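When we follow this note's numbering, the leftmost residue of the sequence shown carries the number 43, and every step to the right adds one.
Think of the CB as a built atom: it goes at the ideal place given N, C-alpha and C, for glycine as much as any other residue.
Computed from a prediction, not measured in an experiment: that's the story for all the values here.
Notes for the one structure printed next.
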Amino acid sequence: MIRKLLQLPQRIETMYDLKSITEEQYAMIELMNDRLASCVPKEKCRDYVTEAIACGQEAFEQYKDADIMAILVNSGVAILQDEREFSHYGQNYEVWAQITCGGKEKKIELFMPDLRRKQQILKENGVDAEEQWLVKLHLAHEFYHFLEYTKLGRVGTRLKPVQKKTLFGTVQRPLATVSEIAAHSFAGRYMKSEILPQMTDYIVMLSEGILPEETLRERLQEAEERLRKNEGGEQNVSMG
């Protein structure tokens, strides 16, 4: 009902050309959502984004010809298609799949009603994505997180921590959203996608009102400014 009221194709396309937003811009918006974003010096934001994207690219080069489903199953990871009818979302984000890889429990849950709803919204906006393609895209995203848990280490711990001031002094903390940036980077390349994975997310969030258009406009403008802050002046934020 909400989707019909919003008249999605016209509303989104007249406000934004989501295809014109670059991978770096989407990644910067992701970084700006980090709970520690205020601790990242603006002149270093671009470097965190670049390094996180590179982490996903490196994993893709290693696994581009791999059967990731077979790797997961052979590693004891259960692939579960959850058919329960409820949405998984928070403030300005929505979840279509998630991985649990701690202790004895190893599983990837795919929230099928949400994925089908996503497919329908994409179709209404001129993006013809098959259900199984979306499943594989999200599976590839979670596979990258599986690699973080089992082989690579979390991206936040592979990049320099940020300095956070507390009542007890300054402490070092890893960024969390760089893992999502890397996972998007890996998944889009693994699937040889013509559109960025983040674009599919934003179409849904805009159409359902999870992310107001004005908020996206403001964040995109800030993301562009932060990306310009360090053009031509790279600083190493890698721990390697």
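1) If I'm right that Asp-89 touches Thr-219 with Cβ under 8 Å, what's the distance once you round it to whole angstroms?
2) To the nearest whole angstrom, what separates the beta carbons of Ala-94 and Ala-69, a pair I think is in contact under 8 Å?
3) Return the residue from the list Glu-236, Arg-270, Ile-163 and Thr-208 that minimises the CA-CA distance to Tyr-244.
4) Which class does Asp-89 belong to by DSSP, given the choice of helix, strand or coil?
5) Check Glu-222 in the structure and name its three-state DSSP category.
6) How big is the Cα-Cα spacing for Gln-49 and Arg-159?
7) Between Gly-118 and the rest of its own chain, which residues show a CB-CB distance below 7 Å, the 5 nearest in sequence each way excluded?
8) Sorted by chain position, which residues of the same chain lie with C-beta nearer than 7 Å to Arg-261's C-beta, five sequence neighbours on each side aside?
9) Are the beta-carbon atoms of Leu-238 and Glu-100 separated by less than 7 Å?
10) Given Glu-206, which residues of its chain have a CB within under 8 Å of its CB, disregarding the five upstream and five downstream residues?
11) Under DSSP, the alpha helix (DSSP H) around Gly-198 begins and ends at which residues?
12) Where does Arg-126 sit, in a helix, a strand or coil, going by DSSP?
13) Applying the criterion that 16 or more other CB atoms from any shown protein chain within 10 Å of the CB defines a buried residue, is Thr-257 buried or exposed?
14) Does DSSP put Phe-153 in a helix, a strand or coil?
15) Assuming Trp-138 contacts Leu-122 (C-beta within less than 8 Å), just tell me the rounded distance between them.
16) Report the partner residues of Thr-208 according to the DSSP bridge assignment.
17) Look at the alpha carbon of Ala-108 and the alpha carbon of Leu-209, and state the distance between them as a whole number of angstroms.
18) From the DSSP output, in three-state form, read off Glu-236 for me.
19) Put Gly-251 into one of helix, strand or coil per three-state DSSP.
20) Within its chain, find whatever has a CB closer than 8 Å to the CB of His-187; leave out the 5 residues flanking it on each side and keep chain order.
In terms of the structure at hand:
1) That belief does not hold up - the Cβ atoms of Asp-89 and Thr-219 are roughly 14 Å apart, past 8 Å.
2) Yes, they are in contact, since the Cβ atoms of Ala-94 and Ala-69 sit about 7 Å apart, within 8 Å.
3) Ranked by Cα distance from Tyr-244, the first of Glu-236, Arg-270, Ile-163 and Thr-208 is Ile-163.
4) Collapsing the DSSP output to three states places Asp-89 in a helix.
5) Reduced to three states, the DSSP call for Glu-222 is helix.
6) Annotation note: pLDDT 40 at Gln-49 (below 50); position unreliable, coordinate value reported separately. Rounded to whole angstroms, Gln-49 to Arg-159 spans 16 Å at the Cα level.
7) Closer than 7 Å at the Cβ level, and outside the excluded window around Gly-118, lie Lys-148.
8) Counting only Cβ-Cβ distances below 7 Å, and skipping sequence neighbours, we find Ile-71 and Met-74.
9) Contact flag unset, no.
10) This sequence places Lys at residue 206; Glu is not what is there. Contacts found: Leu-78, Cys-81, Thr-212, Val-213, Gln-214 and Arg-215.
11) Gly-198 -> alpha helix (DSSP H) spans 197-200.
12) It is coil, neither helix nor strand.
13) Classification for Thr-257: exposed.
14) For Phe-153, the secondary structure class from DSSP, reduced to helix, strand or coil, is strand.
15) For Trp-138 against Leu-122, the beta-carbon gap comes to about 13 Å, at or over 8 Å, which does not count as contact.
16) Paired residues: Gly-211.
17) Their Cα atoms are separated by approximately 48 Å.
18) Judged by DSSP in its simplified three-state form, Glu-236 adopts coil rather than helix or strand.
19) Correct three-state label for Gly-251: coil.
20) Hits under 8 Å: Ile-141, Cys-143, Ser-221 and Ala-225.
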